[in-house]
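Residues -2 to 384 (the numbering used here) are what the first sequence spells out, left to right.
Every residue gets a Cβ at the ideal spot worked out from N, C-alpha and C, and that includes glycine.
It should be emphasised that the depicted structure is a prediction, and the values quoted were computed from it without experimental measurement.
Notes to accompany the following structure.
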Amino acid sequence: MTDFARLLAQALVPWFAANARDLEWRRSRDPYAIWVSEIMLQQTRVDTVRAYYGDFLRRFPTVGALATADEDQVLAAWSGLGYYRRARLLHAGARWVARELGGALPTAAADLRAIPGVGRYTAGAIASIAFDRPEPLVDGNIARVLTRLLAITDIKRQGADAPDHWRVVAEILAAGPPRILAQALMELGATVCTPLAPRCLLCPARQHCGAHARGLVAELPAPRRRPASEEHQLWAVAIIAGDHLLLERRPPGGLLAGLWCLPLVPKTGENPSGPQLLRDALDLDLAEFVLTPTKKAVRHVFTHRIWTLSPCRLDLPRRPALGPARERRWIPLGERPDGGVPRVTEKLLSALGLAVPAAARRSAASAPPAEERQQQGEQPAARGSLA
DNA sequence: TACACGTGGTC
DNA sequence: TGACCAAGTGT
């Protein structure tokens, strides 16, 4: 045991007792509840997860409840949270744990790793937080904290995959209560040792911090570089017949896989949004229609892609026959499909002035601006008769 | 190893 | 605005 690990543990335990945020998942010792929280928190801010966590656990209170649910139900509860594959893997993980282990999570990180969606970090988090085992975990917070405390200037040794970090965390968790120390390390990174403007004066580990001693806190860790986003221009077509809206399920792989979206048609620039294009792109038997574009585009930014969406409304006198190429459904206006609905779908419906039932959740303060965006008095850009 | 994978907050 | 980032995992 190094002095560093022992001193840090001694500083963190009382600091966490006095400063830990009151988060819903910290009130539970149920390993399943902690598992769910860890999956939701992956790459996702605490405030965002707060708006989903309680509802999700009430909907799926046990491994068994989640295991017996339909995937679409799980995705519906996840709608708006992002990284939807997490929901699928969590669901698959629950089914695996129910089938192979009778619903009880293993306690060792090495065994937890066998669960779908549980990687190295999450296995350590469940083992340490739920089972109080001294098994290491390194997330973005902990990597940043250790990079600063140990004044690591080598970029290759700063990330959450750096072997040094895992070894040091193992030593720290061996020097005190693992359940407390694991959360304290992350809490320190989240509330004090923040990426920008860290609050070193409030830091319980300031005396042990190499970056602070050398004036390197602002330089460490080095910012990561990201590849440029690809931009896509698309028509987003709200096809309405009577009081029903046509939604289509995204393909099973790739972006927003399996979620319900408006039909999207790539903009070619050459083609106006004419009848032929629509019929081909939408695979619909369009006889008569009225197409109304909105003036304002909707911009949706993903991690690695940007969609610039031109919403338009296609009104049909009756529901046309649907081709078999894609899974599509007529949804009563104002209702949600039984399945996952990404935020971009809500943005588009809102921009089109179509009522969107509250998917959830988000901060209660933000009122949906659906009505105010309604476009009034626009002239149809196209009228068609395709006999 | 590097990339795909959502969304929202902050500067 | 654009860049960066937030309790990562799977391929």
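If the five residues before and after Pro195 are omitted, its C-beta is found closer than 7 Å to the C-beta atoms of Val189 and Val214, all from its own chain and listed in chain order. The Cβ neighbour count for Leu199, taken over all protein chains shown within 10 Å, is under 16; the residue is labelled exposed. Ranking Cys197, Asp240 and Ala157 by CA distance to the CA of Glu332 puts Asp240 first.
Shown here, Val262 sits in a strand according to DSSP, grouped into three states. Ala107 counts as exposed, since fewer than 16 other beta carbons sit within 10 angstroms of its beta carbon. Residue pairing from DSSP places Gln230 in a beta bridge opposite Thr305. As the crow flies, the alpha-carbon of Asn138 is around 11 Å from that of Gln40. With fewer than 16 other beta carbons inside 10 angstroms of its own, Val298 counts as exposed. Three or more beta-carbon pairs drawn from the stretch 110 to 125 and the stretch 77 to 91 are found closer than 8 Å, and the two stretches are therefore classed as touching.
Taking a cut-off of 8 Å on C-beta distances, the stretch 9 to 22 touches the stretch 44 to 61, as three or more cross pairs fall below it. Residues Asp335, Gly336 and Gly337 of the same chain have their beta carbon placed closer than 8 Å to that of Asp69, with the five preceding and five following residues left out of the count. With 16 or more other CB atoms across the displayed protein chains lying within 10 angstroms of its CB, Pro308 is buried. The beta carbons of Leu243 and Thr342 sit no closer together than 8 Å. Residue pairing by DSSP puts Ala238 in a beta bridge opposite His241 and Leu313. Judged by their CB atoms, Arg316 and Ala235 are not nearer to each other than the 8 Å cut-off. Secondary structure note for Arg164: its alpha helix (DSSP H) is the uninterrupted segment Pro160 to Leu170. The count of Cβ pairs closer than 8 Å, one atom from the stretch 148 to 155 and one from the stretch 119 to 130, stays below three, leaving the stretches out of contact. Residue state for Leu330 is assigned as coil, using DSSP reduced to three classes.
A residue is called buried once 16 or more other Cβ atoms fall within 10 Å of its Cβ, and Pro175 is buried on that count. The stretch 218 to 234 and the stretch 289 to 303 touch, with no fewer than 3 CB-CB distances between them shorter than 8 Å.
For Ala84, the closest of Ala62, Val33, Ala171 and Ala167 by C-alpha to C-alpha distance is Val33.
In the three-state scheme derived from DSSP, where H, G and I count as helix and E and B as strand, Pro28 is classed as helix.
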